[in-house]
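Residue numbers (my numbering): 27 to 335. Cβ coordinates follow ideal geometry from the N, Cα and C atoms, glycine included.
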Ligand SMILES: [Fe+2]
Ligand SMILES: [Fe+2]
């Protein structure tokens with residue numbers, strides 16, 4: 027009998043997706059080595075210098091606008107601190123939604139797997155992060171850690187929908203976005219030390235979360251049919267837009283003595299702010315494009331949302 031040449035096998039999932047258990051075991055080992063308790067790692071009692079920016083100036087939503095120019099240097103610095111506090115409260119909102127999704131994921135799974143054990147480890151990380159974020163908000167004098175009513179309602183809707191794949195895709199988007207922003211903060215030694223200390227801990231621990239969510243999304247996406255993919259593409263865009271809209275709460279502008287409506291309009295039209303969002307979203311957007319979650323038809327909507335150049 028004649029040998030037939032081996033035909034390439036079309037796999038359901040690309041071969042480069044790491045083995046689920048091996049990946050989880052690696053992440054658990056990394057967690058054991060590099061986990062931080064912000065209660066003891068951070069000097070919460072250190073005074074905050076009111077002249078230091080918490081974000082690089084060009085990353086503040088109003089940077090370069092006439093409203094920005096109307097503020098003196100100290101008020102510009104305070105605006106950057108309040109913007110970061112607002113981003114941080116959006117971070118808490120997202121982490122609470124993510125934790126709920128991870129708990130449900132474990133509830134549907136088997137806790138003897140390393141994969142499920144890692145999900146709980148990530149919940150433990152996020153518990154510390156949300157507490158750390160809340161302490162940061164309090165330290166800055168920003169008045170609340172609550173999201174906008176719209177985000178609050180959408181979060182509850184996500185609890186009802188219980189879409190684990192969307193939870194993982196949302197995690198990739200928000201964690202890559204935050205990671206890009208916080209890496210800039212860690213690199214910039216002129217920024218407020220407290221903000222940088224929070225960012226440093228978060229960057230280290232979030233790298234593992236991204237390493238958990240990316241292959242999980244990849245596996246789930248590979249198993250999805252065309253109809254489900256079409257719905258999913260829209261769902262993710264809604265989530266990404268909401269997460270980004272939540273970054274700067276209107277109260278940030280009110281606290282600066284500005285008209286919130288005029289300031290939001292100025293930020294929406296500000297090319298610097300558009301560039302910041304595109305830069306911070308880049309890694310997630312590239313990953314979604316590579317997978318086909320963002321395709322030729324949905325890319326223009328991501329562009330209109332100011333998340334793609
Ligand atoms: Fe986190
Ligand atoms: Fe995370």
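Taking DSSP as the reference, what is the three-state secondary structure of residue 128? Taking the chain shown and counting its residues from 1, one reaches residue 128 at position 102. Assignment of residue 128 by DSSP, reduced to helix, strand and coil, places it in the helix class.
Which residue wins for smallest C-alpha separation from residue 70, given the options 193, 83, 196 and 221? Numbered from its first residue, the chain shown carries residue 70 at position 44. If you compare the alpha carbons of 193, 83, 196 and 221 with that of residue 70, the shortest gap goes to 221.
Determine the burial state of residue 164: buried for a count of at least 16 other Cβ atoms within 10 Å of its Cβ, exposed for fewer. As a working note, residue 164 is residue 138 in the chain shown. With fewer than 16 neighbouring CB atoms inside 10 Å of its own CB, residue 164 falls in the exposed class.
Would you check if the distance between the CB atom of residue 170 and the CB atom of residue 118 is smaller than 8 Å? On the chain shown, position 144 is the one that residue 170 refers to. On the chain shown, position 92 is the one that residue 118 refers to. No, the Cβ-Cβ distance between residue 170 and residue 118 is not below 8 Å.
Buried versus exposed call for residue 175 [16 or more other C-beta atoms within 10 Å across all chains shown]: Residue 175 sits at position 149 when you count from the first residue of the chain shown. Counting C-beta atoms within 10 angstroms of its own C-beta, residue 175 has fewer than 16 neighbours from the protein chains shown and is therefore classed as exposed.
With residue 219 as the anchor, note down where its alpha helix (DSSP H) starts and where it stops. If you number the chain shown from 1, residue 219 lands on position 193. 219-248 is the extent of the alpha helix (DSSP H) around residue 219.
Could you tell me the distance, in whole angstroms, from the CA atom of residue 28 to the CA atom of residue 330? Sequence index remark: in the chain shown, residue 28 carries index 2 (1-based). Sequence index remark: in the chain shown, residue 330 carries index 304 (1-based). Annotation note: pLDDT 38 at residue 28 (below 50); position unreliable, coordinate value reported separately. Per the coordinates, the alpha-carbon of residue 28 lies some 58 Å from the alpha-carbon of residue 330.
Of the residues 332, 140, 223 and 274, the one placed nearest residue 47, counting alpha carbons only: Along the chain shown, one-based indexing puts residue 47 at 21. Closest by C-alpha distance to residue 47, out of 332, 140, 223 and 274, is 140.
Beta carbon nearer than 6 Å to a non-hydrogen atom of ligand 2: Listed along the chain, these residues meet the criterion: 152, 201, 232 and 235.
Could you pull the start and end residues of the alpha helix (DSSP H) that residue 80 belongs to? Stepping through the chain shown from its first residue, residue 80 is reached at position 54. Note, residue 80: premise wrong, no alpha helix (DSSP H); not H, not E.
Do residue 235 and residue 201 count as a contact pair if the criterion is CB distance below 8 Å? The sequence position of residue 201 within the chain shown is 175, counting from 1. The sequence position of residue 235 within the chain shown is 209, counting from 1. Closer than 8 Å, so yes.
In the DSSP assignment, the alpha helix (DSSP H) including residue 212 goes from what residue to what residue? In the chain shown, residue 212 corresponds to position 186, counting from 1. Looking at the DSSP string, the run of the alpha helix (DSSP H) that includes residue 212 is 190-213.
Write down the C-beta distance between residue 244 and residue 317 rounded to the nearest angstrom, noting that I regard them as a contact closer than 8 Å. Looking up residue 244 in the chain shown gives position 218. Looking up residue 317 in the chain shown gives position 291. The Cβ separation is near 6 Å, so the contact holds.
What residue from 258, 110, 204 and 286 has the CA that sits closest to residue 304's CA? Position 278 of the chain shown, counted from the first residue, corresponds to residue 304. Measuring from the Cα of residue 304, the nearest candidate turns out to be 204.
According to DSSP, is residue 296 part of a helix, a strand, or is it coil? For the purposes of this step, residue 296 is identified with residue 270 of the chain shown, where counting begins at 1. Of the three classes helix, strand and coil, the one that applies to residue 296 here is coil, per DSSP.
Residue interval of the alpha helix (DSSP H) (run including residue 326): As a position in the chain shown, residue 326 is number 300, starting the count at 1. Where residue 326 is concerned, the enclosing alpha helix (DSSP H) stretches over 325-330.
Specify the secondary structure class of residue 257 as computed by DSSP and reduced to three states. As a first step, residue 257 is located in the chain shown; it is residue number 231 there, counting from the start. If DSSP states are grouped into helix, strand and coil, residue 257 belongs with the helices.
Where residue 232 and residue 311 are concerned, what is the direct C-alpha to C-alpha distance, given to the nearest angstrom? As a position in the chain shown, residue 232 is number 206, starting the count at 1. As a position in the chain shown, residue 311 is number 285, starting the count at 1. Their backbone Cα atoms lie some 18 Å apart in a straight line.
Whole angstroms is fine: what's the gap from residue 75's alpha carbon to residue 218's? The count along the chain shown starts at 1 and reaches residue 75 at position 49. The count along the chain shown starts at 1 and reaches residue 218 at position 192. When rounded, the distance between both Cα atoms is 7 Å.
Is the beta carbon of residue 155 within less than 7 Å of some heavy atom of ligand 1? Walking along the chain shown from the start, residue 155 turns up at place 129. Indeed, a heavy atom of ligand 1 lies less than 7 Å from the Cβ.
Would you be able to state if there are at least three C-beta pairs under 8 Å between the stretch 91-100 and the stretch 284-299? These segments touch.
Could you spell out where the alpha helix (DSSP H) holding residue 145 opens and where it closes? Stepping through the chain shown from its first residue, residue 145 is reached at position 119. Counting along the chain, the alpha helix (DSSP H) containing residue 145 begins and ends at 140-166.
Given a threshold of 16 other Cβ atoms within 10 Å of its Cβ, counted over all protein chains shown, does residue 275 qualify as buried or as exposed? What you label residue 275 is simply residue 249 of the chain shown in a count that begins at 1. Classification of residue 275: buried, given that the 10 Å Cβ count is 16 or more.
Would you mind giving the Cβ-Cβ distance between residue 128 and residue 145, rounded to the nearest angstrom? I have them listed as a contact below 8 Å. Taking the chain shown and counting its residues from 1, the one referred to as residue 128 is at position 102. Taking the chain shown and counting its residues from 1, the one referred to as residue 145 is at position 119. Residue 128 to residue 145, Cβ: 5 Å. Contact.
Counted within 10 angstroms of its Cβ, other Cβ atoms place residue 259 as buried (16 or more) or exposed: Working through the chain shown from its first residue, we reach residue 259 at position 233. The residue in question, residue 259, is buried, as its Cβ has 16 or more Cβ neighbours within 10 Å.
Beta-carbon proximity list for residue 136, same chain, < 8 Å, skipping 5 on both sides: One-based indexing of the chain shown puts residue 136 at position 110. Excluding residues within five positions, the ones whose Cβ falls inside 8 Å are 142.
DSSP state of residue 283 mapped onto helix, strand, coil: As a first step, residue 283 is located in the chain shown; it is residue number 257 there, counting from the start. The answer is coil: DSSP assigns residue 283 none of H, G, I, E or B.
Backbone CA spacing between residue 42 and residue 335 [nearest angstrom]: For the purposes of this step, residue 42 is taken as residue 16 along the chain shown, with counting starting at 1. For the purposes of this step, residue 335 is taken as residue 309 along the chain shown, with counting starting at 1. Straight-line Cα distance between these residues: approximately 28 Å.
Is residue 60 near ligand 1, judged by its Cβ being under 7 Å from some heavy atom? As a position in the chain shown, residue 60 is number 34, starting the count at 1. Residue 60: no, Cβ never under 7 Å from ligand 1.
Taking 7 Å as the cut-off, is the CB of residue 67 close to at least one heavy atom of ligand 1? The residue labelled residue 67 in the question sits at position 41 within the chain shown. Exclusion of residue 67 from the 7 Å shell around ligand 1 follows from its C-beta lying no nearer than that to any non-hydrogen atom of the ligand.
Would you say residue 126 touches ligand 1, meaning its beta carbon is less than 7 Å from a heavy atom? Here the question's residue 126 lines up with position 100 in the chain shown. No - ligand 1 has no heavy atom lying nearer than 7 Å to the Cβ of residue 126.
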